[in-house]
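Going from the sequence shown to the numbering used here is simple: count from 1 and add 6. Yeah, the Cβ is synthetic: ideal placement off N, Cα and C, and Gly gets one too. Okay, so here's the structure we're looking at.
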Amino acid sequence: MAPAGGIDVMLLLIGASGVVFGLLGLGLRRSVGPVTAFAVAGFLWSLAIIAVLTLLPTDPDVGIVPAEGRSTSCSMDYGGPAPDGFWVFAAGQRLLNTVLFVPAGALLVLAASRWRIGWVVVPLGLVGLAAYSVAIELIQLELARIDRACDVTDVVDNVSGAGIGVVVGLVLVLVFRPWRHRR
């Protein structure tokens with residue numbers, strides 16, 4: 007049986023999805039310009055990366071978590087059950103949860119800024135990223151097999167990261183000016 011998780015599987019899925027979304031960016035380049043095309047593709051890729059890193063077990067041999075051993079509710083204790091480190095970086099998991107959503111927020115702004123409606127799309131996209139974070143936590147709660155914990159702290163950190171990303175995206179918009187690449 008092939009492993010359903012672990013670092014190797016995560017990296018493989020991230021690389022494969024990067025190729026797919028890179029091709030999408032190349033395909034969109036002529037119709038919306040290179041900045042917007044790769045911002046849209048990068049935004050979608052960042053969502054895929056978030057899903058891979060948060061919904062696959064970090065250990066390929068997790069085993070089955072018995073129903074009596076799994077949590078039935080999300081931890082509402084701010085600071086929650088998060089360990090001090092994570093599998094690749096020595097930084098705390100809270101920092102990593104924040105950093106994980108920064109590219110999505112920045113690329114959302116860069117992708118939406120080409121159109122005048124971007125000032126509406128960005129706040130709605132930020133709400134969408136918050137909903138995405140909540141959905142991930144609820145999936146982690148329901149799927150005991152992935153051996154992850156549902157925690158309100160993760161949602162706060164993820165939304166904070168997306169907000170920081172929006173600020174970074176506003177700076178990138180001034181640098182790249184994607185509206186210049188109209189047909």
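Check: Nearest-angstrom Cβ-Cβ length linking residue 112 and residue 175, presumed shorter than 8 Å; Outcome: 4 Å
Check: Residue 66, enclosing alpha helix (DSSP H) - first and last residue; Outcome: Run containing residue 66: none; DSSP gives neither H nor E here.
Check: Three CB pairs or more closer than 8 Å across the region 115-132 and the region 14-23; Outcome: no
Check: Close-in-space but distant-in-sequence residues of the same chain around residue 45 (CB under 6 Å, 5 per side omitted); Outcome: 113, 116 and 117
Check: Same chain only: Cβ atoms within 7 Å of residue 28, ignoring 5 sequence neighbours per side; Outcome: 47
Check: Identity of the residue in 119, 108 and 105 nearest residue 41 by Cα; Outcome: 119
Check: CA-to-CA distance, residue 49 to residue 34, given in whole angstroms; Outcome: 13 Å
Check: Beta-carbon spacing of residue 147, residue 107 below 8 Å; Outcome: no
Check: Neighbourhood of residue 51 by C-beta, 7 Å cutoff - its chain only, sequence neighbours within 5 removed; Outcome: 23, 24 and 27
Check: Cβ neighbour criterion (16 or more within 10 Å) applied to residue 104; Outcome: buried
Check: Length of the line joining the Cα atoms of residue 133 and residue 54; Outcome: 18 Å
Check: Secondary structure of residue 35, DSSP reduced to three states; Outcome: helix
Check: Three-state secondary structure (DSSP) of residue 169; Outcome: helix
Check: Straight-line gap, residue 4 to residue 177 (C-alpha atoms, nearest Å); Outcome: Residue 4 lies beyond the residue range present for the chain, which begins at 7 and ends at 189; the question has no answer from this structure.
Check: Beta-carbon spacing of residue 171, residue 129 below 8 Å; Outcome: no
Check: Start-to-end residues for the alpha helix (DSSP H) that takes in residue 109; Outcome: 99-118
Check: Whether residue 31 touches residue 184 by CB criterion (8 Å); Outcome: no
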